[in-house]
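Colleague:
There are 2 protein chains.
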Amino acid sequence: MLASRSPQREAILRQLRLPFRVAPSRHHETTVPGDPLATVVANAVGKARDVAGRESAGLAPAAGSLAPAGLAPAGLALEPGHLVLGVDTVVVLDEGVLGKPADAAEAAAFLSALAGRRHDVVSGLCLLDSGGDAWTAHARTAVTFRALSRAAVAGYVATGEWRERAGAYAIQGVGSALVTAVDGDYWNVVGLPVALTLDGLAHFGVAPFSWLAAPPKFAAP
Amino acid sequence: MLASRSPQREAILRQLRLPFRVAPSRHHETTVPGDPLATVVANAVGKARDVAGRESAGLAPAAGSLAPAGLAPAGLALEPGHLVLGVDTVVVLDEGVLGKPADAAEAAAFLSALAGRRHDVVSGLCLLDSGGDAWTAHARTAVTFRALSRAAVAGYVATGEWRERAGAYAIQGVGSALVTAVDGDYWNVVGLPVALTLDGLAHFGVAPFSWLAAPPKFAAP
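Shown next, in the form of structure tokens:
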């Protein structure tokens, strides 16, 4: 179960062909001042726990589960073998965190600050299973922006692609033209660190691509 | 004009919102033994020249042009301001080049060779304008694969995603689960180095995002 309403994260799980359903959390994001790593891990745990707690209490019975083992009967929450995935991502420049810009002027300011420089995208991940086992980790990817003229910043801002994007850009969109290099997990910059997600699944005994095998047939009564 | 029939390259140009049309070249790919860089640049030049030559000779009048300046009247070949883009990409491991696997067994062999290691994806780029000006360059991106069990290799091969892919994987597909990190231009691994393409466009006076401006209205007669 993906404890997130991010369409980018959904798209990445679909790309991996992992069976999952979305259950947005009601977790209120917190900030650990001066510590982006602790912040994203705390929020990932908060999101996953919120969804797992509501699932267990029967408050969200329609929500589904991430069932990477390929053993996902529909309609039941937190089955054995099902996992809840919480993720939080921030953009870090000079120890400061760039969130989602409030308006076009702030988007232009963010992009001007990022231009010609390297910044970090940091994600926290939390996987919870039905037995209460929790796995947390973080990923850091360095992103280098090209130098940008005022006209280039204005041209990108005019696309509106910065809306709802931490750091004011989407690397998987027209914003790919802003970037000269990434160092680390590219998918982390889109919204979900794939390599770390695979590591977490391995912690729960789910091997790479094992979820692609045909799901077991349930015998008719 | 994109001198390629690669759907991945088309998708990247669409993502950048660059106006373009596809004109696959009839260039026969060559290999410079022991020199992948020279090979990809030679093939990029060969593809671009082949298409530009046929355009000029009127042999492919329906093919279009890459018109990044946003000044693309349809149906005319190699207009001033139009460019031809040729690209060639190879996967390099231990100085050897991995091409497209012939069958599932070769795909499994390629993936086993890449597992747990770093390899390079190298692309050559050539941009030609209507005045005969040529710009060439290359991009190199390092890709690190996770360690893979026999079962994981078999699981990925079973997806068939390796078909028509140099190195037997698609980083933008389920194959993203094979990779732990990239160092350089991610899009180069998909098939077109975006940052280098932007550099080439800048060589011809086309600034980043300038092509997003509304194209000029053609006055009615």
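Those protein sequences? They're chains A and B, same order as listed.
Counting in this note's numbering, the first sequence runs from 90 upward without gaps.
Counting in this note's numbering, the second sequence runs from 90 upward without gaps.
Quick reminder that beta carbons are idealized off the backbone N, C-alpha and C, glycines included.
Three or more C-beta pairs closer than 8 Å, one from the segment 109-126 of chain B and one from the segment 280-289 of chain B: is that the case here?
Modeller: No, the segment 109-126 of chain B is not in contact with the segment 280-289 of chain B.
Colleague: Counting along the chain, where does the alpha helix (DSSP H) carrying ARG103 of chain B start and finish?
Modeller: The residue labelled residue 103 of chain B in the question sits at position 14 within the second sequence. First-last of the alpha helix (DSSP H) with ARG103 of chain B: 96-104.
Colleague: Going by the beta-carbon positions, is the gap between THR269 of chain A and PHE234 of chain A smaller than 8 Å?
Modeller: Position 180 of the first sequence, counted from the start, is the residue given in the question as residue 269 of chain A. Position 145 of the first sequence, counted from the start, is the residue given in the question as residue 234 of chain A. With contacts defined by Cβ atoms closer than 8 Å, THR269 of chain A and PHE234 of chain A form a contacting pair.
Colleague: Grouping DSSP H, G and I as helix and E and B as strand, with all else coil, what is ALA236 of chain A?
Modeller: Mapped onto the first sequence, residue 236 of chain A falls at position 147. Coil, per DSSP.
Colleague: Could you give the first and the last residue of the continuous alpha helix (DSSP H) run that contains GLY289 of chain B?
Modeller: As a working note, residue 289 of chain B is residue 200 in the second sequence. Here the alpha helix (DSSP H) through GLY289 of chain B covers 283-292.
Colleague: Grab the span of the alpha helix (DSSP H) containing VAL278 of chain A for me, first residue to last.
Modeller: As a first step, residue 278 of chain A must be located in the first sequence, where it is residue number 189. Looking at the DSSP string, the run of the alpha helix (DSSP H) that includes VAL278 of chain A is 275-279.
Colleague: Would you mind sorting ASP38 of chain A into buried or exposed? The rule is 16 or more other CB atoms within 10 Å of its CB.
Modeller: Residue 38 of chain A is absent from the structure shown; chain A starts at 90 and stops at 310.
Colleague: Can you list, in chain order, the residues of its chain with a C-beta nearer than 6 Å to that of THR128 of chain B? Leave out the 5 residues immediately preceding and following it.
Modeller: On the second sequence, position 39 is the one that residue 128 of chain B refers to. So the list reads THR120, VAL121, once near-sequence residues are dropped.
Colleague: Check the Cβ of PHE298 of chain A against every Cβ in chain B and list those closer than 7 Å, keeping chain order.
Modeller: Indexing the first sequence from 1 puts residue 298 of chain A at position 209. Those are ALA241, GLY244, TYR245, ALA266, listed as they occur along chain B.
Colleague: Using CA atoms only, rank isn't needed, just tell me which of B:GLY262, B:CYS215, B:LEU285 is closest to GLY175 of chain B.
Modeller: The residue labelled residue 175 of chain B in the question sits at position 86 within the second sequence. It is B:CYS215 whose Cα lies nearest to the Cα of GLY175 of chain B.
Colleague: Do you know how far the Cα of THR286 of chain A is from the Cα of ARG98 of chain A?
Modeller: The residue given as residue 98 of chain A occupies position 9 in the first sequence. The residue given as residue 286 of chain A occupies position 197 in the first sequence. Going from the Cα of ARG98 of chain A to the Cα of THR286 of chain A covers about 11 Å.
Colleague: For VAL271 of chain B and TYR245 of chain B, which I take to be in contact (beta-carbon distance under 8 Å), what is that distance rounded to the nearest angstrom?
Modeller: Position 182 of the second sequence, counting from 1, holds the residue named residue 271 of chain B. Position 156 of the second sequence, counting from 1, holds the residue named residue 245 of chain B. At roughly 18 Å, the Cβ-Cβ gap does not stay under 8 Å, so VAL271 of chain B and TYR245 of chain B are not in contact.
Colleague: Counting only Cβ pairs nearer than 8 Å, list the residues of chain B close to GLN104 of chain A.
Modeller: As a first step, residue 104 of chain A is located in the first sequence; it is residue number 15 there, counting from the start. GLN261, GLY262, VAL263, SER265, listed in chain order.
Colleague: How would you label GLY213 of chain A, buried or exposed, when you count the other beta carbons within 10 angstroms and need 16 or more for buried?
Modeller: Your numbering for residue 213 of chain A matches position 124 in the first sequence. GLY213 of chain A comes out buried.
Colleague: Check the Cβ-Cβ distances between VAL283 of chain A and every residue of chain B, and say whether any is below 8 Å.
Modeller: The count along the first sequence starts at 1 and reaches residue 283 of chain A at position 194. True, the Cβ-Cβ gap to chain B drops below 8 Å.
Colleague: Residues in its own chain within less than 6 Å of ARG229 of chain B by CB, not counting five upstream and five downstream?
Modeller: In the second sequence, counting from the first residue as 1, residue 229 of chain B sits at position 140. The residues are ASP209, VAL211.
Colleague: Of all the options B:VAL181, B:LEU267, B:PRO108, which has the alpha carbon lying nearest to the alpha carbon of ALA243 of chain B?
Modeller: On the second sequence, position 154 is the one that residue 243 of chain B refers to. The candidate whose alpha carbon is nearest that of ALA243 of chain B is B:LEU267.
Colleague: Can you list the residues of chain A that LEU200 of chain B reaches, using a CB-CB cut of under 7 Å?
Modeller: Your numbering for residue 200 of chain B matches position 111 in the second sequence. What LEU200 of chain B touches in chain A: nothing, since even the nearest Cβ is about 11 Å away.
Colleague: For chain E, find out if any of its Cβ atoms is closer than 8 Å to the Cβ of TRP276 of chain B; answer yes or no.
Modeller: As a matter of chain content, chain E is missing from the structure shown, whose protein chains are A and B.
Colleague: To the nearest angstrom, how far is it from the Cα of ASP222 of chain B to the Cα of ALA241 of chain A?
Modeller: Within the second sequence, the letter at position 133 stands for residue 222 of chain B. Within the first sequence, the letter at position 152 stands for residue 241 of chain A. For ASP222 of chain B and ALA241 of chain A, the gap between their C-alpha atoms comes out near 25 Å.
Colleague: Counting only runs of 3+ residues fully inside the segment 167-217 of chain B, write out the beta strand (DSSP E) ranges in chain order.
Modeller: Within the segment 167-217 of chain B, the complete beta strand (DSSP E) runs of at least 3 residues are 172-182, 185-187.
Colleague: Nearest-angstrom Cα distance between VAL186 of chain A and GLY135 of chain A?
Modeller: Reading the first sequence from its first residue, position 97 is the one you call residue 186 of chain A. Reading the first sequence from its first residue, position 46 is the one you call residue 135 of chain A. Going from the Cα of VAL186 of chain A to the Cα of GLY135 of chain A covers about 19 Å.
Colleague: Can you tell me the Cα-Cα spacing of LEU217 of chain A and ASN132 of chain A, whole angstroms?
Modeller: One-based indexing of the first sequence puts residue 217 of chain A at position 128. One-based indexing of the first sequence puts residue 132 of chain A at position 43. Going by the C-alpha atoms only, they are around 14 Å apart.
Colleague: Is VAL295 of chain A helix, strand or coil when you go by DSSP?
Modeller: By 1-based counting over the first sequence, the position of residue 295 of chain A is 206. The answer is coil: DSSP assigns VAL295 of chain A none of H, G, I, E or B.
Colleague: Looking at chain A, which residues of the segment 103-135 of chain B have a Cβ within less than 8 Å of any of its Cβ atoms?
Modeller: Interface annotation for the segment 103-135 of chain B against chain A: GLN104, LEU105, ARG106, criterion Cβ-Cβ distance under 8 Å.
Colleague: Applying the criterion that 16 or more other CB atoms from any shown protein chain within 10 Å of the CB defines a buried residue, is PRO297 of chain A buried or exposed?
Modeller: Residue numbering aside, residue 297 of chain A sits at position 208 when the first sequence is read from its first letter. By the 10 Å Cβ count, PRO297 of chain A comes out buried.
Colleague: Name the chain B residues that come within less than 8 Å of THR269 of chain A, Cβ to Cβ?
Modeller: Residue numbering aside, residue 269 of chain A sits at position 180 when the first sequence is read from its first letter. Simply ASP274, ALA284.
Colleague: I'd like to confirm the pairing. Which residues does DSSP put opposite LEU91 of chain A in its beta bridges?
Modeller: The residue given as residue 91 of chain A occupies position 2 in the first sequence. A:VAL111, A:LEU174.
Colleague: Can you tell me whether ALA236 of chain B is buried or exposed, with buried defined as 16 or more other CB within 10 angstroms of its CB?
Modeller: As a first step, residue 236 of chain B must be located in the second sequence, where it is residue number 147. Counting Cβ neighbours within 10 Å, ALA236 of chain B comes out exposed, since fewer than 16 surround it.
Colleague: Determine which residues share a DSSP beta bridge with THR128 of chain B and list them.
Modeller: For the purposes of this step, residue 128 of chain B is identified with residue 39 of the second sequence, where counting begins at 1. For THR128 of chain B, which the question treats as bridged, DSSP gives no partner whatsoever.
Colleague: Buried or exposed: where does GLY294 of chain A fall if 16 or more other Cβ atoms within 10 Å of its Cβ makes it buried?
Modeller: The sequence position of residue 294 of chain A within the first sequence is 205, counting from 1. So GLY294 of chain A counts as exposed.
Colleague: Sort A:TYR258, A:ARG254, A:LEU290, A:LEU126 by Cα distance to GLU184 of chain A and report the nearest one.
Modeller: For the purposes of this step, residue 184 of chain A is identified with residue 95 of the first sequence, where counting begins at 1. It is A:LEU126.
Colleague: Between the Cα of PRO96 of chain A and those of A:ASP139, A:ALA247, A:VAL111, spot the shortest distance and give me the residue it belongs to.
Modeller: Counting from one through the first sequence, the residue named residue 96 of chain A turns up at place 7. The shortest Cα separation from PRO96 of chain A among A:ASP139, A:ALA247, A:VAL111 belongs to A:VAL111.
Colleague: From HIS116 of chain B to GLN261 of chain A, what does the alpha carbon distance come to, in whole angstroms?
Modeller: Residue mapping note: residue 116 of chain B aligns to position 27 of the second sequence, counting from 1. Residue mapping note: residue 261 of chain A aligns to position 172 of the first sequence, counting from 1. Their Cα atoms are separated by approximately 31 Å.
Colleague: What do you get for GLY164 of chain A, buried or exposed, if any count of 16 or more other CB atoms within 10 angstroms of its CB means buried?
Modeller: In the first sequence, residue 164 of chain A corresponds to position 75, counting from 1. Unreliable placement is indicated for GLY164 of chain A, whose pLDDT of 34 sits below 50; the coordinate value is still reported in the next sentence. By the 10 Å Cβ count, GLY164 of chain A comes out exposed.
Colleague: Please classify LEU148 of chain A: is it buried, with 16 or more other beta-carbons within 10 angstroms of its beta-carbon, or exposed?
Modeller: Your numbering for residue 148 of chain A matches position 59 in the first sequence. Any reading at LEU148 of chain A must be qualified, since the residue scores a pLDDT of 44, below 50, and its modelled position is unreliable; the value itself is stated next. Under this definition LEU148 of chain A is an exposed residue.
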